[in-house]
Amino acid sequence: MNQVVFESVRKTFRHRPALFNWLGKERGGETIALKDVSFSAAPAEVLVLLGPNGSGKTTALKLISTILLPDAGSVRVGGFDARRDAGAVRRQVGIAVAAERSFFPRLSARENLDFFAALDEVPRRQRAQRIDEVLHDTGLEEQADTLVMKFSSGTYQRLGIARALVKRPCVLLLDEPTRSLDAATTAHFWAAIRGLARQETTVLLATHNFAEAAAVAHRLLLLHHGELLADRSLGDGESAEALRSFYFRKTGEIDEAINATHRARTSP
Amino acid sequence: MTSTLDKLHAILRRDLLTAIRHRSGFIVTLVGVFTELAAFYFLSRAIGPGFRPGGLEYFPFILVGTGVYTFFVMSAQAFLSAVQEAQQTGTLEVLMTTSTAPAELLVLSSISAFAGNLVNLLVYLFTGVAVFRASIHANLLSCVAVLIFSLAIALALGIAAAALQVAFQKGSALLWLLGSGLWFLSGTMFPIQSLPRPLELLARAVPLTYAIDGMRRALLQGQSVVAMARTLAVLAGFGVVLLLLALTGLSLSLRRARQNGTLSFY
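Here the protein sequences line up with chains B and H, keeping their order. Just add 1 to wherever you are in the first sequence, counting from 1, and you've got our numbering. Just add 27 to wherever you are in the second sequence, counting from 1, and you've got our numbering.
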């Protein structure tokens with residue numbers, strides 16, 4: 002059975018201008034974030050959502066985590082509908098979002114994890130051990146008892162990943178998880194993602210990074226302006242460069258890197 | 028039930044640790060309490076012993092009035108600030124993805140905010156009695172009964188403010204109403220019988236009026252639970268109705284925010 006099922010999901014954000022709009026230039030309107038998108042993800046599968054800014058990647062993750070509700074279609078996780086059984090869905094899903102200031106600044110990393118673990122109903126007796134494990138897995142052991150207001154953005158991001166892992170979710174959602182991480186931590190993280198998949202965790206990862214997609218993905222979803230342009234498996238050893246070329250071919254966007262190389266070669 | 032108590036413990040611990048790590052916060056609160064009470068003490072001396080609202084000395088009268096009123100406003104303010112801060116940092120969205128139902132989470136968080144301000148209320152009353160010699164004649168059982176029912180009303184106000192904040196980013200509007208209109212109408216500084224008849228009738232529709240009056244009768248006049256049965260029944264009625272309305276409003280506003288994608292708007 003598929004762990005995550007998106008069926009003809011549509012999501013539109015409507016913008017209402019302020020009351021005294023004539024004072025500013027804000028206009029009403031709507032943004033179609035997802036247009037009848039359908040896909041599924043099986044247990045132990047790493048699914049990478051690739052696409053430019055505003056393509057609908059984060060919206061898809063937020064719909065699975067129940068932060069958002071779909072306008073049409075259905076989102077199911079572990080057989081539960083995200084609209085009707087939001088509680089059951091949340092119990093199975095862990096999410097690490099891109100904006101990682103979402104902690105309590107005057108608590109340490111360990112205290113923050115303990116707080117979120119309690120809300121995620123991790124049994125009290127198992128909590129300390131699980132927290133130690135995720136602190137180790139994310140390389141945060143040395144900063145475990147530091148107040149998080151002293152953290153760098155990369156450390157915040159690692160703590161966000163630790164928080165998502167502490168409940169041992171069946172479905173792990175990661176939104177640009179390595180954006181602020183250094184090269185060594187990123188490589189360690191990619192290995193950890195592959196390890197989670199071997200333990201039957203379904204991973205959905207939104208990224209702009211072709212190397213990341215090539216390193217961890219079993220399957221690739223390409224989103225563009227809310228539409229699903231491609232849903233395909235990755236071949237063994239498929240390179241980041243091959244993905245890059247596939248991405249620009251499919252989206253029709255201009256690869257500035259290629260243009261710059263071309264300009265450099267042809268300029269006198 | 029065990030899980031809910033565990034979550035409440037986690038929330039209380041978070042708020043306690045945050046409060047004690049704001050090193051100057053507690054001292055500033057104590058200085059504020061002392062200064063405010065000193066001002067009221069000298070005001071009551073300036074007015075003189077002839078002014079005895081409801082047969083009570085003016086300083087104890089104002090001590091209980093401002094103490095209970097401040098408890099209501101500051102508790103709702105503390106809870107609303109926590110919600111606004113969580114919206115700004117993105118914590119609210121993450122909290123809404125945990126296994127805890129959003130309504131349960133907000134109710135538990137509001138209990139924690141109100142528990143913190145209950146300590147402030149006790150410090151305020153204790154300072155008034157111990158330092159400024161306010162004369163009291165307390166019936167502890169009645170005091171606890173008034174406090175419990177008042178807490179239900181205060182919780183409802185905090186949750187309603189959070190619901191308005193999530194739905195329209197206007198939670199502070201309710202607090203503004205609480206901070207200005209209710210101060211004037213609830214008998215905080217003077218008895219509501221001093222108001223013109225239409226305003227007095229309006230004051231009798233304000234739950235805070237009964238909380239303040241009830242606490243004065245329990246703490247200053249030592250009235251028994253039986254003697255205060257009517258006031259307690261009114262407080263309980265307000266508590267149940269307002270809590271139900273606030274929780275319904277919160278549930279609707281959270282659903283609307285999830286539909287519109289405005290959970291983290293502020």
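Backbone N, C-alpha and C fix where the C-beta goes; we use that ideal spot for every residue, glycine too.
query	result
Residue range of the beta strand (DSSP E) that includes Glu142 of chain B	That residue, Glu142 of chain B, is in no beta strand (DSSP E); it is neither H nor E in DSSP.
CB contact check: Glu84 of chain H to chain B, cutoff 8 Å	no
Runs of beta strand (DSSP E) wholly within the stretch 198-252 of chain B (minimum 3 residues, chain order)	203-208, 220-225, 228-234
Sub-8 Å separation of Ile96 of chain B and Thr124 of chain H beta-carbons	yes
For Ile96 of chain B, the three-state DSSP class (helix, strand or coil)	strand
For Val134 of chain H, the three-state DSSP class (helix, strand or coil)	helix
Cβ pair Met242 of chain H, Val91 of chain H closer than 8 Å	yes
Contact between the stretch 180-189 of chain B and the stretch 120-132 of chain B (3+ Cβ pairs under 8 Å)	no
Where Phe78 of chain H sits in the DSSP three-state scheme	coil
Pair within 8 Å by beta-carbon distance, Ala215 of chain B and Glu239 of chain B	yes
Ile239 of chain H - containing beta strand (DSSP E), residue span	Per DSSP, Ile239 of chain H belongs to no beta strand (DSSP E); it is in the alpha helix (DSSP H), 234-246.
Within-8 Å CB hit, Val78 of chain B to chain H	no
Where Ser177 of chain H falls, given that 16 or more other Cβ within 10 Å makes a residue buried	buried
CB contact below 8 Å: Thr67 of chain B versus chain H	yes
Alpha carbon of Pro87 of chain H to alpha carbon of Ala161 of chain H, nearest angstrom	5 Å
Distance between Phe106 of chain H and Gly214 of chain H (C-alpha atoms, nearest Å)	24 Å
Gly52 of chain B burial status per 10 Å Cβ neighbour count (16 or more: buried)	buried
is_contact[Ser103 of chain B, chain H] using C-beta, thresh 8 Å	yes
Any C-beta of chain B under 8 Å from that of Asp33 of chain H	yes
Contact list for the stretch 127-158 of chain H against chain B, Cβ threshold 8 Å	Thr127, Ala128, Leu132
Limits of the beta strand (DSSP E) - the one that Leu48 of chain B falls within	47-51
Stretch-stretch touch, CB-based, cutoff 8 Å, three pairs: the stretch 150-168 of chain B with the stretch 74-88 of chain B	no
Distance, Thr236 of chain H Cα to Phe265 of chain H Cα	11 Å
CB of Ala18 of chain H within 8 Å of CB of Ala103 of chain H, strictly	Nothing can be reported for residue 18 of chain H, as the shown portion of chain H is limited to 28 through 293.
Rounded Cβ spacing between Ile180 of chain H and Pro234 of chain H (contact assumed at less than 8 Å)	5 Å
Interface partners of Ala119 of chain B on chain H, CB under 7 Å	Asp33, Lys34, Ala37
Any chain H beta carbon closer than 8 Å to Ile255 of chain B	no
Extent of the continuous beta strand (DSSP E) to which Leu174 of chain B belongs	172-176
Contact list for Phe7 of chain B against chain H, beta-carbon separation under 7 Å	Under the 7 Å cutoff, chain H gives no residues; its nearest Cβ is about 17 Å from Phe7 of chain B.
Three-state class that DSSP yields for Gly92 of chain H in the structure shown	helix
Option nearest Val134 of chain H by Cα separation, candidates H:Gly81, H:Thr275, H:Leu201	H:Thr275
Inter-residue CB distance, Glu46 of chain B and His219 of chain B (contact presumed, cutoff 8 Å)	5 Å
Under 7 Å from the C-beta of Val121 of chain H: neighbouring residues of chain B	Val98, Ser103
For Ala200 of chain H and Leu191 of chain H, believed in contact at Cβ under 8 Å, the rounded distance	7 Å
Ala66 of chain H, buried or exposed, once every other Cβ within 10 Å from all chains shown has been counted against 16	exposed
Proximity test, Cβ basis, 8 Å: Glu122 of chain B and chain C	The chain inventory of the structure shown lacks chain C, comprising the protein chains B and H.
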